[in-house]
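Q:
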Amino acid sequence: MRISINTDFENRDLVLDAYRKLKQNTYHDTVNLFLRKRIAEFETSKNFEQQIDKLTEYVSDLKNDSDKIPSDGILNTLLKKVDVLSLPKKIKNDNNSNSKGIFISNDRSQVDYDLESVNYFIDAPIALFILDVIWSLKAGVILDRTLHENCLGNRLKHFEDDKYNKSSPLFKIFHTQYKDWRDNALKCALNELDNKKDILFIGLDIKECYYHLGTDWKGIKDYLKKSVVDQSELVFLQSLTNVLREIYTKYHQISSPLLEKTHKSASEIQGLPIGLTSSQIIANWMLKNFDDKVIKKLQPSYYGRYVDDILIVMQSPDKEIIQGKNDTLIKELFVKTGLLEQKKNKTDSDKPTEFILSVLKNLEIQQEKFVIQHFDHKHSRAGLSEFKREIDEQASEFRFLPRGDDHRGLDECAFDIQYKGSINKLRSVIGLEENSTELSKYLSRKITQHRLCSDESVSEHIDQLFRFYKGRNIFDFCRLWEKVFILFLTNNREADCAKFYNTCKVTIEKLKYNDDEILKKVTNDANLYLNASLSLTLALREKDVLKNLKSKNLKKIINPGKNKIKMIQDLMISFRESNMLRHHFVSSPLLNYTDYSGNYLEFSPAEYKGLELSDKKEKFSPRYIHNDERKLFDIFDKITQIEKGKPLEFLLDESNENVPFVKHNSDTSIPDTSIPFIDVCFKTPAKENIRIGIVNLRVPEEDIGKSYHPRKKPNVSMDRQSVLYDLINEAIKKPKCDLVVFPELSIPLKWLSLMINQARKNQIGLVFGLEYWVVDDVALNLIVTVLPYKKDGQYLSTFVSLRIKNHYAPLEEFNLKSVGYSLPEVKKYYEKYCWNGCAFSAYYCFELANIHHRGLFRSELDFLIASVWNKDIKYYSNIIESVSRDLHCYVIQSNTSHYGDSRITAPQKNEVMDYVRVKGGTNPTLLKSNLNLEKLRNFQSSLYRPDDKSFKPTPAGYNHDKARNRARCEVCKYQL
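Mind the numbering: the sequence shown is residues 288 to 1263 in our numbering, read in order.
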């Protein structure tokens, strides 16, 4: 198939787009801090624009070059700066016993630490990385299109010419691809067993793939020549490929002497540099022949490869072969079919036979990871089922919020005990292994818990962390140093940051290797990685962090002296200015996209006054900026400019960026009121039923008082956070809620972003009351509506509305004014939402006491939401029942459980009108109920029929045409 390539890009646009893709790809990478550091320093350098201009000129030359490299000296200058960076991969374990029996110790400390293996990364000027990404965008995508659909690792995101999005990442989301690779194999295996077929479940792993996998440059150029129609584009792609080959060659020249000492079998191979995007694409392309050969020879039910890990599900061969177990199966299935070849170990004949790929003889299969499992459909499949259950549980852990009362320590989370025999017998323990995945999850969980609230028990967790990070573990888990620093800083443990840094530094100096050159390099690079980890964390603090640090030890580390380079401090500023820090730890939305110089870790809405988004930070954003973040930023900006006595306009985003359609409408249903409403309409799929979650939660007066009292602080305790997390987790469990309603004043302002993030991530609607927000002695009581949708049909997004309460209750007004606050001057309005095919509005407690206001949407709604904090439940009960009948719609009320009467009421007879109704209770609860919108609309669309008792008759003056429009999903005539 010949492919026509889009050539509409201007050269500068192409360079900048490639740089953005490089930055995005590196931002989401959790390992290569070396490249993150390079990018930060590149973007914050004084000659950033000049370097972009030079590279643009070079790209122009490449487009005019006839299949050779321009000899203008630019490439040679860049190649001279190519280098290699290293990290310890594995440390020898001195605790092993040579005596009979088993020796186990939890002491990871050693006098010194012998390097067993090392990982290498390419280090080069960013200009070369940009050229690498341009090759991936232009030539790499052509190679990627040839790959088997079950090659799932490092796959490029393909775009049609008219749908190209510069903010989209270069590669498909890795964890989604990994999940598909693994889950599809399991699903296939279980399906085969269900169909009464015996199967083999095979897993194999290619040893040190990137180090041993060479590149067929001629094959790549020949394929490009065969595939590309446009001759000028072909010249460009061939020249780019030549440039890439030069980068690889230079890297091999630098790395080969090192590989000779650490990866001897790879020293003569021009392997793939770890850190280049092209390496990921070329690895897949080079392994394509093996993929095709396995599929042809074995004809498996499932074949999937994720980078160098392979899973195969196939029908089981004859019993005679099965009885031979692994050795026989490998020979029958892989050697005789020509997929693998046997290779005798020349230096040690006692070692097991090695197996190499027949199509790529430099690649060896890791014997210890060559696993073949046989499943007879007549016997138990507990192994597969249990494995799938554990995977589902792990996936849930990432989906659900960590409970604030989860007091499990590191000792309980980050270790795997290995047994042989009964788990009830201590002698069955044969090993104790640290688990990097569990450690990472533990740190993330604790950071999430502590970031938005304080916890008195943090000292215990810190002590466990220092017990864990000793000896070998410092090297084994170096990729998580950054998370440890963040956990310390989110708890203001500056002295512990310094202590941990010094512990790592002292341990690094104890490294040992039989070659001084390797030892010096790994030691220096490990220290560089440690400095980058600390700098990346400190970038979340104040720009001039030295002035505010309380720990003298940490000050000494950041600023070691006047005569020394302030490496950590300078790098910290580069990370901050380039916005390459970890955004999900910034406490206020898009604060890091401004010139704000304060502490990103502290929630500071007052600091938004006068702030503007930086054009450069937006232009080179390392991630997608969500619409709700922009919305919140604008709202914070508007609210912080409130002045006493001056009216506040709508806090609703009226641009078409956020939702498909927003329209002001003053043509109300009640002629004698001038209250306008705003239509907010979504072009989203209609639902016949909608599942509502109603929160029964106690909102103490004490907490409400703390939210606005000048001498008190809001209650953001771990216990309160735990309650909220439980409710959200319950809402997203199956059967998942479409929309959840909380009481008035139930969510602290500090947790606003958390709620919106959860709504977007889980695509669940939320309506809740925010605790008082006091600005310039004006007390705001806000009802928040968050509605999810998919932008362009695929990108998760949310619409956010913060509406100031139109009518403060008398006692509420008295309490606020008694401490010197005034009420906001607002232009009263309401909102009607047309979302998922349903029409609803949200009212805020005392607003329902206005008879004209609550009748505003007669004939317009499927349901009305009432978020309240109300003692007079008898009065409000009458209102709820009246509204249900007068508007002829469902009514959903969530009240503090101290007074109760949270309920979902329908315009039906008394015996069945309450779908949910709860008096109170001390335990927070989420109650779920389905609203049958189709049934309600069908009833409302027809005139009165005595035989239809499903609902109460519609009230006098009810507009049946509007009900018919809702039944046809024409809920808003302005809908796009």
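All residues carry an ideal CB built from backbone N, CA and C; glycine is no exception.
None of the values given here were measured: they were computed from a predicted structure.
Can you tell me which residues form a DSSP beta bridge with Cys438?
A: In the DSSP output, where bridge partners are listed per residue, Cys438 has Arg592.
Q: Arg863 to Glu344, Cα distance in whole Å?
A: If I take the Cα positions, the gap works out to 29 Å.
Q: Alpha carbon to alpha carbon, what distance is there between Asn1182 and Gly1208?
A: If I take the Cα positions, the gap works out to 12 Å.
Q: Could you spell out the range, first to last residue, of the alpha helix (DSSP H) harbouring Ala327?
A: Leu320 to Glu330 is the extent of the alpha helix (DSSP H) around Ala327.
Q: So is Arg998 buried or exposed if we call it buried at 16+ other beta carbons inside 10 Å?
A: Arg998 is exposed by the Cβ-count criterion.
Q: For a test of the three-state rule: what should DSSP assign to Val968, helix, strand or coil?
A: According to the sequence displayed, residue 968 carries Cys and not Val. Cys968: strand per DSSP, three-state reduction.
Q: Using the rule of at least 16 other Cβ atoms within 10 Å of the residue's Cβ for burial, across every protein chain shown, is Asp882 buried or exposed?
A: Flag for Asp882 reads exposed.
Q: Count the other CB atoms, across all protein chains shown, that sit within 10 Å of the CB of Asn879; report buried if there are 16 or more and exposed otherwise.
A: So Asn879 ends up on the buried side.
Q: Measure the alpha-carbon distance for Trp1060 versus Leu1036 and round it to whole angstroms.
A: Straight-line Cα distance between these residues: approximately 7 Å.
Q: Can you confirm whether the segment 584–591 touches the segment 526–539 when touching is taken to mean that 3 or more C-beta pairs between the two stretches lie within less than 8 Å?
A: Too few Cβ pairs lie closer than 8 Å, so no.
Q: Quick one, are the C-beta atoms of Val516 and Lys350 less than 9 Å apart?
A: Contact flag unset, no.
Q: For the beta strand (DSSP E) holding Leu1213, just list the boundary residues, first then last.
A: Start and end: Thr1212 to Asn1219.
Q: Please name the residue, chosen from Ser865, Arg985 and Asn380, that lies closest to Asp902 on a Cα-to-Cα basis.
A: Per the Cα distances, Ser865.
Q: Terminal residues of the continuous beta strand (DSSP E) containing Asn801?
A: Counting along the chain, Asn801 falls outside any beta strand (DSSP E), and DSSP gives it neither H nor E.
Q: Roughly how many angstroms lie between the CA atoms of Leu858 and Gly558, to the nearest whole one?
A: Whole-angstrom Cα-Cα distance: 31 Å.
Q: In angstroms with no decimal places, state the Cα-to-Cα distance between Trp1122 and Phe1150.
A: Trp1122 and Phe1150: Cα-Cα distance of roughly 12 Å.
Q: When the Cα atoms are used, what is the spatial distance from Glu781 to Val745?
A: Whole-angstrom Cα-Cα distance: 14 Å.
Q: Applying the criterion that 16 or more other CB atoms from any shown protein chain within 10 Å of the CB defines a buried residue, is Gln1081 buried or exposed?
A: Per the 10 Å Cβ criterion, exposed.
Q: Can you say whether Ile1167 is buried or exposed, counting buried as having 16 or more other CB atoms within 10 angstroms of its CB?
A: Buried is the call here.
Q: Can you say whether Arg1232 is buried or exposed, counting buried as having 16 or more other CB atoms within 10 angstroms of its CB?
A: Exposed, because fewer than 16 other Cβ atoms sit within 10 Å of the Cβ of Arg1232.
Q: Using CA atoms only, rank isn't needed, just tell me which of Tyr1202, Lys993, Ile1191 and Met867 is closest to Thr317.
A: For the residues Tyr1202, Lys993, Ile1191 and Met867, the minimum Cα distance to Thr317 belongs to Met867.
Q: Among Leu500, Tyr314 and Asp340, which residue has its Cα nearest to the Cα of Tyr298?
A: Sequence check: residue 298 is Asn here, not Tyr. Ranking Leu500, Tyr314 and Asp340 by Cα distance to Asn298 puts Asp340 first.
Q: Are there 16 or more other CB atoms within 10 angstroms of the CB of Phe621, so buried, or fewer, so exposed?
A: Looking at its Cβ environment, which holds 16 or more other Cβ atoms inside 10 Å, Phe621 is buried.
Q: Pull up the DSSP beta-bridge partners for Ser820, would you.
A: Note: Ser820 sits in no beta bridge, so no partner.
Q: Does DSSP put Cys1024 in a helix, in a strand, or in coil?
A: Here Cys1024 sits in coil by DSSP.
Q: Applying the criterion that 16 or more other CB atoms from any shown protein chain within 10 Å of the CB defines a buried residue, is Gln518 buried or exposed?
A: Classification for Gln518: exposed.
Q: Distance, Cα to Cα, Cys475 vs Ala327?
A: Looking at the two C-alpha atoms, the distance is approximately 44 Å.
Q: By the 10 Å Cβ neighbour count, where 16 or more other Cβ atoms means buried, how is Gln311 classified, buried or exposed?
A: Label assigned to Gln311: buried.
Q: My output table needs one value for Phe1144: the three-state DSSP class, helix, strand or coil.
A: Phe1144: coil per DSSP, three-state reduction.
Q: Would you say the segment 1145–1162 touches the segment 998–1018, given that touching needs at least three Cβ pairs under 8 Å?
A: The segment 1145–1162, when compared against the segment 998–1018, does not touch it at the 8 Å Cβ threshold.
Q: Buried or exposed, going by whether 16 or more other CB atoms sit within 10 Å of the CB of Ser875?
A: Buried.
Q: By Cβ distance below 7 Å, which residues in the same chain neighbour Lys993 in space, the five residues on each side in sequence not counted?
A: If we look at Lys993 and ignore the five residues flanking it on each side, its Cβ neighbours are Lys999, Lys1000, Pro1001 and Asn1002.
Q: How would you write the range of the alpha helix (DSSP H) that Ile313 sits in, first residue to last?
A: According to the sequence displayed, residue 313 carries Thr and not Ile. Residues Asn298 to His315.
Q: To the nearest angstrom, how far is the alpha carbon of Ile734 from that of Cys784?
A: If you take the alpha carbons of Ile734 and Cys784, they lie about 15 Å apart.
Q: To the nearest angstrom, how far is the alpha carbon of Lys1260 from that of Lys925?
A: Only weak support exists for where Lys1260 lies, its pLDDT of 46 falling under 50; the value from the coordinates is given anyway. Looking at the two C-alpha atoms, the distance is approximately 31 Å.
Q: Quick check: what's the CA-CA separation for Leu798 versus Asp401?
A: Distance between the alpha carbons of Leu798 and Asp401 is about 6 Å.
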